[in-house]
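Chemist: Numbering (my numbering), first residue to last: 13 to 148.
Provided herewith is a single structure, encoded as structure tokens, for subsequent inquiry.
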């Protein structure tokens, strides 16, 4: 039971590793001066609220805000090998291993026990102790 839980856990972790390694996403951060205002993943970062066109600011404040965009690209090509790409000796080993491993866990047919529901007779006299007969 514990092995099945461990196997399922490892399978989920491996699936997540493949998913994360192939996922691409963008991290956008907005700075107003030297202060970080907002960080956003997958969407645009919120601006700090200073609208250069509507406020009465000088040319120096026009460049105080900046956006940094970091694109993290995932693996876009996965190398998929087929069984035919392997060498003959490797194919032979894998086939032998799978066959013997599958034969290892074959189910045994259920045996019928005819006296399973019957209780043994009550022991009234133990004749072996009574006659001092012991098997050595």
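C-beta: ideal position from N, C-alpha, C; glycine also.
Contact between the region 85-98 and the region 20-36: three or more CB pairs below 8 Å?
Modeler: yes
Chemist: Apply the 10 Å Cβ neighbour rule to residue 68 and answer buried if 16 or more other Cβ atoms are within range, or exposed otherwise.
Modeler: Here residue 68 refers to the residue found at position 56 of the chain shown. Here residue 68 scores only 42 on pLDDT, less than 50, and its place in the model should not be relied on; the value that follows carries that caveat. Residue 68 should be labelled exposed.
Chemist: For residue 28, name the three-state secondary structure that DSSP assigns.
Modeler: In the chain shown, residue 28 corresponds to position 16, counting from 1. Residue 28 falls in the helix class under three-state DSSP.
Chemist: Quick one: what's residue 37 bridged to in DSSP?
Modeler: Your numbering for residue 37 matches position 25 in the chain shown. DSSP output for residue 37 lists 84 as bridge partner(s).
Chemist: Using C-beta distances below 6 Å, list every residue in its chain close to residue 72, excluding the 5 sequence neighbours before and after it, in chain order.
Modeler: Reading the chain shown from its first residue, position 60 is the one you call residue 72. Reliability fails at residue 72, whose pLDDT of 43 lies under 50, so the model's placement of it is uncertain and the value that follows must be treated cautiously. The answer is none, since no qualifying residue turns up.
Chemist: For residue 79, which of 15, 28, 45 and 124 has the nearest alpha-carbon?
Modeler: As a working mapping, residue 79 is identified with position 67 in the chain shown. That would be 45, whose Cα lies nearest to the Cα of residue 79.
Chemist: Please determine, among 41, 60 and 59, the residue with the shortest C-alpha to C-alpha distance to residue 53.
Modeler: Taking the first residue of the chain shown as 1, we reach residue 53 at position 41. Nearest C-alpha to residue 53: 41.
Chemist: With a threshold of 6 Å on Cβ separation, who are the neighbours of residue 51 within its own chain once the five nearest residues in sequence on each side are excluded?
Modeler: Position 39 of the chain shown holds residue 51. The residues 41, in chain order, have a CB closer than 6 Å to that of residue 51 in the same chain once the five nearest residues on each side in sequence are set aside.
Chemist: Please classify residue 57 as buried or exposed, where buried requires at least 16 neighbouring CB atoms within 10 angstroms.
Modeler: One-based indexing of the chain shown puts residue 57 at position 45. Residue 57 should be labelled buried.
Chemist: Per DSSP, which one or two residues make a beta bridge with residue 48?
Modeler: Numbered from 1 along the chain shown, position 36 holds the residue referred to as residue 48. Residue pairing by DSSP puts residue 48 in a beta bridge opposite 43.
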